[in-house]
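S.K.:
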Amino acid sequence: MADDPSRFPSEGQSWGKSPTCHSDSGWTRRGFLTAGFGALAGASAVAAALSPLRHLAEGDLPSWQEFFQKHYKEMTAEDKEQVFARIRQEVEKRFGVQADVSDPPPLTGVEFVYGLNLSRCIGCRRCVHACVKENNQSRAPEIQYIRVLEMEKGSIDVETSEHHFEPASVPHPDKYYMPVQCHQCSKPPCVKVCPVEATWQEPDGITVIDYDWCIGCRYCEAACPYWARRFNFAEPQVPEEQLNPHVGYLSNRPRRKGVMEKCTFCLHRTRVGRLPACLEVCPTGSRKFGNVLDPNSDVAYILKHKRVYVFKEDVGTVPRFFYFFDERGSRYREEVGGGV
Amino acid sequence: MRQNFDPSARKSSAPWVSGALLVLALALAFGPVRYENIVSEPTEVPAGATDTSTVWQPRPKPEALVGLDYHRCSLCHDSKRPPPSAAGKPTAEASKTAQFPEILLWHPKGRHVTCHDEEKPTKHAEVALEHGMNTNCFNCHHPTNRDAFVDEFGREIPWDQPQLMCGKCHGLVYRDWQHGAHGRVNGYWDQTAGAQTRVKCIACHRPHHPPFPPMEPAPGPNTLRTGPEDHGVHAKEHNPLRLRVGSTSERTDSTSEKEKH
Numbered sequence: 230m231a232d233d234p235s236r237f238p239s240e241g242q243s244w245g246k247s248p249t250c251h252s253d254s255g256w257t258r259r260g261f262l263t264a265g266f267g268a269l270a271g272a273s274a275v276a277a278a279l280s281p282l283r284h285l286a287e288g289d290l291p292s293w294q295e296f297f298q299k300h301y302k303e304m305t306a307e308d309k310e311q312v313f314a315r316i317r318q319e320v321e322k323r324f325g326v327q328a329d330v331s332d333p334p335p336l337t338g339v340e341f342v343y344g345l346n347l348s349r350c351i352g353c354r355r356c357v358h359a360c361v362k363e364n365n366q367s368r369a370p371e372i373q374y375i376r377v378l379e380m381e382k383g384s385i386d387v388e389t390s391e392h393h394f395e396p397a398s399v400p401h402p403d404k405y406y407m408p409v410q411c412h413q414c415s416k417p418p419c420v421k422v423c424p425v426e427a428t429w430q431e432p433d434g435i436t437v438i439d440y441d442w443c444i445g446c447r448y449c450e451a452a453c454p455y456w457a458r459r460f461n462f463a464e465p466q467v468p469e470e471q472l473n474p475h476v477g478y479l480s481n482r483p484r485r486k487g488v489m490e491k492c493t494f495c496l497h498r499t500r501v502g503r504l505p506a507c508l509e510v511c512p513t514g515s516r517k518f519g520n521v522l523d524p525n526s527d528v529a530y531i532l533k534h535k536r537v538y539v540f541k542e543d544v545g546t547v548p549r550f551f552y553f554f555d556e557r558g559s560r561y562r563e564e565v566g567g568g569v
Numbered sequence: 004m005r006q007n008f009d010p011s012a013r014k015s016s017a018p019w020v021s022g023a024l025l026v027l028a029l030a031l032a033f034g035p036v037r038y039e040n041i042v043s044e045p046t047e048v049p050a051g052a053t054d055t056s057t058v059w060q061p062r063p064k065p066e067a068l069v070g071l072d073y074h075r076c077s078l079c080h081d082s083k084r085p086p087p088s089a090a091g092k093p094t095a096e097a098s099k100t101a102q103f104p105e106i107l108l109w110h111p112k113g114r115h116v117t118c119h120d121e122e123k124p125t126k127h128a129e130v131a132l133e134h135g136m137n138t139n140c141f142n143c144h145h146p147t148n149r150d151a152f153v154d155e156f157g158r159e160i161p162w163d164q165p166q167l168m169c170g171k172c173h174g175l176v177y178r179d180w181q182h183g184a185h186g187r188v189n190g191y192w193d194q195t196a197g198a199q200t201r202v203k204c205i206a207c208h209r210p211h212h213p214p215f216p217p218m219e220p221a222p223g224p225n226t227l228r229t230g231p232e233d234h235g236v237h238a239k240e241h242n243p244l245r246l247r248v249g250s251t252s253e254r255t256d257s258t259s260e261k262e263k264h
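Rendered as structure tokens:
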């Protein structure tokens with residue numbers, strides 16, 4: 230069979246069957262050395278290719294429980310308890326902090342919307358840093374959910390906007406400021422593209438990510454028209470003393486390298502009735518949050534009575550985040566003098 | 004072609020291929036390519052950047068700093084009649100008839116504290132009223148009860164309800180504030196779950212100079228894709244992940260040039 234000429238049409242093509250290596254008496258010295266040398270080289274190449282594994286830090290590989298964990302939606306209450314216990318353990322190991330892991334369910338009859346007053350925002354970026362503090366984003370490399378755009382007055386063109394503005398004081402009299410974050414779309418393109426269903430829209434309108442299910446393909450980042458999703462390119466670093474121990478499974482629990490994350494309207498806060506962190510820190514009161522299904526809420530009033538601007542309305546995402554205006558903006562050009 | 008293939012050439016190349024692989028493997032195993040961490044140091048964020056308190060802390064009581072201590076406004080202003088008109092200088096007669104408090108405020112010479120010397124007021128000199136066309140004290144302050152504000156009909160507005168006074172002129176903003184579309188709200192959106200604090204006008208706007216104060220912006224983004232320009236080893240290469248920085252001033256220049264033309 231081995232010498233079947235139809236299988237080996239050319240003798241020279243098959244090294245193993247060449248007369249040098251194979252003779253009636255068994256291995257020749259040259260054949261043995263060549264084959265051995267080749268095998269050694271191959272083994273070394275495999276070892277070299279695997280050598281980056283030497284740099285694996287503790288925790289780089291998922292634990293047994295994490296690897297075989299079910300999808301969030303398929304978990305029973307018991308499974309969840311086990312998962313939360315594991316997260317508590319991991320947080321304590323990583324940060325030395327006793328975490329309070331919660332998973333508040335979406336409230337019935339509640340649909341969250343967020344409004345931002347473009348006439349009042351002064352671009353001070355307090356919201357950006359309050360969000361980072363609340364949601365345990367990585368400090369290095371830096372991950373921020375909110376991006377404050379400095380816009381030309383009279384223009385809604387984001388192509389001419391700038392997020393690296395560093396003046397001595399804001400607002401600049403010729404600019405206005407438009408913070409952009411996750412718009413919690415009703416038709417989220419990021420959810421549509423996820424190949425593993427690691428991200429989905431909850432009944433209260435918040436699009437969430439199961440960080441343990443995400444494979445880090447970043448399709449959702451590419452699909453998002455607001456650039457609201459962030460990727461953990463490196464192991465996220467949060468100083469132990471700055472870690473927020475009140476963590477939610479779907480929101481601000483510490484993430485790992487290689488997963489996506491995004492704004493969740495601080496669901497660990499908002500689902501228990503509190504306001505999001507970015508809203509509470511805003512010194513101007515530009516940010517408005519509430520239940521749009523409640524006709525007496527602030528946001529329902531704004532949607533009914535104020536001039537509202539939906540960012541990139543034409544892409545058809547139907548966001549739950551909107552901008553609005555006042556009849557007259559702040560008078561930025563006036564210097565604020567002394568006195569009381 | 005196959006007939007012309009020389010088996011001896013193939014035979015002799017095998018050790019060379021193996022040797023090259025081995026050398027490569029050894030080289031890779033020792034890691035000759037230096038690992039360069041492009042993760043920058045975390046940005047220092049000032050503590051004030053996450054402070055949720057209001058811009059101003061309005062005084063809880065109608066008090067003013069006199070000497071070294073805070074005193075109730077009515078302590079000095081216990082007059083039952085309004086002071087002389089702002090249009091004319093205080094006459095000697097008016098000064099005589101004005102009632103000064105029985106309790107003397109702190110003064111080095113123990114004298115009565117007067118509101119005016121010959122020319123200008125000696126009290127409340129720190130008040131710089133820059134409130135647009137609203138230039139009269141008694142548009143807001145009650146003429147006879149200085150612990151209160153005044154409404155359109157001369158009635159008193161309690162000190163802790165300044166929004167009623169501001170709403171006299173700023174009706175649209177007052178309407179928005181009443182419905183929660185203007186102003187800061189902290190605490191709970193769901194008021195059945197917890198308390199909500201709604202601050203009043205003077206927590207953000209100083210009544211004598213109301214525009215919202217400009218402030219220093221918190222540090223800007225330094226993320227992998229939004230970070231400032233790379234000044235490291237790759238500075239000269241075009242890196243799409245490092246976007247331009249410092250263009251605020253450039254754009255300001257360009258707009259000012261446009262204005263010139």
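Each protein sequence line maps, in turn, to chains A and B.
When you line the first sequence up against the working numbering, it's residues 230 to 569, in that order.
When you line the second sequence up against the working numbering, it's residues 4 to 264, in that order.
Ideal Cβ placement from N, Cα and C applies to all residues, glycine included.
Bear in mind the structure is a predicted one, so any value in this text is a computation, not a measurement.
1) Measure how close the beta-carbons of Gly1 of chain B and Gly197 of chain B come, nearest whole angstrom, since I'm counting them as under 8 Å.
2) Cβ atoms of Asn346 of chain A and Pro483 of chain A: under 7 Å apart, would you say?
3) In three-state terms, what does DSSP make of Phe296 of chain A?
4) Tell me, which residues are paired with Pro408 of chain A by DSSP?
5) Is His211 of chain B buried or exposed, if buried means 16 or more other CB atoms sit within 10 Å of its CB?
6) Can you tell me the Cα-Cα spacing of Thr382 of chain A and Asp150 of chain B, whole angstroms?
7) Gly157 of chain B CB to nearest chain A CB: under 7 Å?
8) Output, in sequence order along the chain, the residues in the region 506 to 530 of chain A whose CB is closer than 8 Å to any CB in chain B.
9) What are the boundary residues of the beta strand (DSSP E) that includes Leu345 of chain A?
10) When the distance is taken between beta carbons, is Lys416 of chain A closer than 7 Å to Val547 of chain A?
11) Just to confirm, are Tyr530 of chain A and His173 of chain B a CB contact at a threshold of 7 Å?
12) When the Cα atoms are used, what is the spatial distance from His284 of chain A to Val36 of chain B?
13) Look up Tyr191 of chain B in the DSSP assignment and say whether it is helix, strand or coil.
14) Note down, in chain order, all residues in the region 387 to 405 of chain A with a beta-carbon under 9 Å from any beta-carbon belonging to chain B.
15) Output, in sequence order along the chain, the residues in the region 169 to 191 of chain B whose CB is closer than 8 Å to any CB in chain A.
16) Evaluate the contact criterion for the region 314 to 321 of chain A versus the region 500 to 513 of chain A: three or more CB pairs, one atom per stretch, below 8 Å.
17) How long is the line joining the alpha carbons of Met380 of chain A and Gly325 of chain A, rounded to whole angstroms?
18) Indicate whether the contact test is met: 3 or more Cβ pairs, each with one atom in the region 328 to 335 of chain A and one in the region 465 to 479 of chain A, closer than 8 Å.
19) To the nearest angstrom, report how far apart Val528 of chain A and Ala278 of chain A are at their CA atoms.
20) Which of the three DSSP states, helix, strand or coil, is assigned to Thr263 of chain A?
21) At a cut of 8 Å, does the region 452 to 464 of chain A reach the region 409 to 427 of chain A through at least three beta carbon pairs?
22) Alpha carbon to alpha carbon, how far is Lys535 of chain A from Asp523 of chain A?
23) At 7 Å on the CB atoms, spell out the chain B contacts of Lys362 of chain A, in chain order.
24) What is the C-beta distance between His392 of chain A and Thr53 of chain B, in whole angstroms, given that I count them as a contact (C-beta under 8 Å)?
25) Using CA coordinates, which residue listed in A:Phe554, A:Phe551, A:Ser348 and A:Val312 is at the minimum distance from Gln294 of chain A?
26) Just curious, the alpha helix (DSSP H) that Trp180 of chain B is in, first and last residue?
27) Starting from the beta carbon of His412 of chain A, find every residue of chain B whose beta carbon is closer than 9 Å, and list them in chain order.
28) Would a check of beta-carbon distances place Phe494 of chain A closer than 7 Å to chain B?
29) Given this structure, state the Cα-to-Cα distance separating Ala30 of chain B from Arg258 of chain A, to the nearest angstrom.
30) Which value, in whole angstroms, describes the spacing of the CA atoms of Glu464 of chain A and Cys449 of chain A?
31) Using three-state DSSP, classify Gly288 of chain A as helix, strand or coil.
32) Looking only at C-alpha atoms, which of A:Ala274, A:Pro370, A:Ile435 and A:Arg447 sits nearest to Val342 of chain A?
33) Using only the alpha-carbon positions, how far apart do Ala328 of chain A and Glu363 of chain A sit?
34) Between which two residues does the alpha helix (DSSP H) carrying Glu490 of chain A extend?
35) Could you please give me the residues that DSSP links to Leu68 of chain B through a beta bridge?
36) Quick one: is Val48 of chain B near chain A, going by C-beta distance under 7 Å?
M.R.: A quick look at the data gives this:
1) What the structure shows of chain B is the stretch from 4 to 264, and residue 1 of chain B is not part of that stretch, so it cannot be assessed.
2) Translated into positions along the first sequence, residue 483 of chain A becomes position 254. Translated into positions along the first sequence, residue 346 of chain A becomes position 117. Taking 7 Å as the Cβ cut-off, Pro483 of chain A and Asn346 of chain A do not qualify as a contacting pair.
3) Taking the first residue of the first sequence as position 1, residue 296 of chain A is located at position 67. Note: Phe296 of chain A maps to helix in three-state DSSP.
4) Counting from 1 along the first sequence, the entry for residue 408 of chain A is found at position 179. Paired residues: A:Val377.
5) In the second sequence, counting from the first residue as 1, residue 211 of chain B sits at position 208. When all chains shown are included, His211 of chain B counts as buried.
6) In the first sequence, the residue the question calls residue 382 of chain A occupies position 153. In the second sequence, the residue the question calls residue 150 of chain B occupies position 147. It should be pointed out that residue 382 of chain A corresponds to Lys in this sequence rather than to Thr. In a straight line, the C-alpha of Lys382 of chain A is about 42 Å away from that of Asp150 of chain B.
7) Start at 1 with the first residue of the second sequence, and residue 157 of chain B comes out as number 154. At least 7 Å separates the CB of Gly157 of chain B from every CB of chain A.
8) Considering only beta carbons, the part of the region 506 to 530 of chain A lying closer than 8 Å to chain B consists of Leu508, Glu509, Val510, Cys511, Pro512, Thr513, Gly514, Lys517, Phe518, Gly519, Asn520, Ser526, Asp527 and Tyr530, in chain order.
9) As a first step, residue 345 of chain A is located in the first sequence; it is residue number 116 there, counting from the start. Counting along the chain, the beta strand (DSSP E) containing Leu345 of chain A begins and ends at Phe341 to Asn346.
10) Taking the first residue of the first sequence as position 1, residue 547 of chain A is located at position 318. Taking the first residue of the first sequence as position 1, residue 416 of chain A is located at position 187. Yes, the Cβ-Cβ distance between Val547 of chain A and Lys416 of chain A is below 7 Å.
11) In the first sequence, residue 530 of chain A corresponds to position 301, counting from 1. In the second sequence, residue 173 of chain B corresponds to position 170, counting from 1. Contact: no.
12) To locate residue 284 of chain A, count along the first sequence from 1; it is residue 55. To locate residue 36 of chain B, count along the second sequence from 1; it is residue 33. When rounded, the distance between both Cα atoms is 14 Å.
13) Working through the second sequence from its first residue, we reach residue 191 of chain B at position 188. The answer is strand: DSSP assigns Tyr191 of chain B an E or B state.
14) Thr389, Glu391, His392, His393, Phe394, Glu395, Pro396, Ala397, Ser398, Val399, Pro400, His401, Asp403 and Lys404
15) Close to chain A, meaning a Cβ-Cβ distance shorter than 8 Å, are the following residues of the region 169 to 191 of chain B: Leu175, Val176, Asp179, His182, Gly183, Ala184, His185, Gly186, Arg187, Val188, Asn189, Gly190 and Tyr191.
16) no
17) Locating residue 380 of chain A in the first sequence gives position 151, where the first residue counts as 1. Locating residue 325 of chain A in the first sequence gives position 96, where the first residue counts as 1. Rounded to the nearest angstrom, the two C-alpha atoms are 43 Å apart.
18) Contact between the region 328 to 335 of chain A and the region 465 to 479 of chain A is present: three or more C-beta pairs spanning the two stretches fall below 8 Å.
19) Here the question's residue 528 of chain A lines up with position 299 in the first sequence. Here the question's residue 278 of chain A lines up with position 49 in the first sequence. Cα-Cα distance, rounded: 56 Å.
20) Looking up residue 263 of chain A in the first sequence gives position 34. Reduced to three states, the DSSP call for Thr263 of chain A is helix.
21) yes
22) Here residue 535 of chain A is taken as the residue at index 306 of the first sequence, counted from 1. Here residue 523 of chain A is taken as the residue at index 294 of the first sequence, counted from 1. Roughly 17 Å separates the two Cα atoms.
23) Within the first sequence, numbered from 1, the residue matching residue 362 of chain A stands at position 133. Near Lys362 of chain A (Cβ distances below 7 Å), the residues of chain B are Thr53.
24) Walking along the first sequence from the start, residue 392 of chain A turns up at place 163. Walking along the second sequence from the start, residue 53 of chain B turns up at place 50. By a beta-carbon distance limit of 8 Å, His392 of chain A does not contact Thr53 of chain B. Their separation comes to about 19 Å.
25) Start at 1 with the first residue of the first sequence, and residue 294 of chain A comes out as number 65. Of the listed residues, the one whose Cα sits closest to Gln294 of chain A is A:Val312.
26) Along the second sequence, one-based indexing puts residue 180 of chain B at 177. Taken as a continuous stretch (DSSP letters only), the alpha helix (DSSP H) holding Trp180 of chain B covers Gly174 to Gln181.
27) Within the first sequence, the letter at position 183 stands for residue 412 of chain A. Neighbours of His412 of chain A in chain B, taken as residues whose beta carbon is under 9 Å from its own, are absent, since the nearest beta carbon is some 18 Å off.
28) The sequence position of residue 494 of chain A within the first sequence is 265, counting from 1. So, not an interface residue.
29) Residue 30 of chain B sits at position 27 when you count from the first residue of the second sequence. Residue 258 of chain A sits at position 29 when you count from the first residue of the first sequence. When rounded, the distance between both Cα atoms is 28 Å.
30) To locate residue 464 of chain A, count along the first sequence from 1; it is residue 235. To locate residue 449 of chain A, count along the first sequence from 1; it is residue 220. Rounded to whole angstroms, Glu464 of chain A to Cys449 of chain A spans 20 Å at the Cα level.
31) Working through the first sequence from its first residue, we reach residue 288 of chain A at position 59. In this structure, Gly288 of chain A counts as coil in the three-state DSSP scheme.
32) The residue given as residue 342 of chain A occupies position 113 in the first sequence. Among A:Ala274, A:Pro370, A:Ile435 and A:Arg447, the Cα nearest to that of Val342 of chain A is on A:Ile435.
33) Counting from one through the first sequence, the residue named residue 328 of chain A turns up at place 99. Counting from one through the first sequence, the residue named residue 363 of chain A turns up at place 134. The alpha-carbon atoms of Ala328 of chain A and Glu363 of chain A are separated by roughly 13 Å.
34) Here residue 490 of chain A refers to the residue found at position 261 when the first sequence is read from its first residue. Looking at the DSSP string, Glu490 of chain A is not in any alpha helix (DSSP H); the run it does join, the beta strand (DSSP E), is Met489 to Lys491.
35) Here residue 68 of chain B refers to the residue found at position 65 when the second sequence is read from its first residue. Residue pairing by DSSP places Leu68 of chain B opposite B:Tyr73 in a beta bridge.
36) Residue numbering aside, residue 48 of chain B sits at position 45 when the second sequence is read from its first letter. Chain A contact via Cβ: present.
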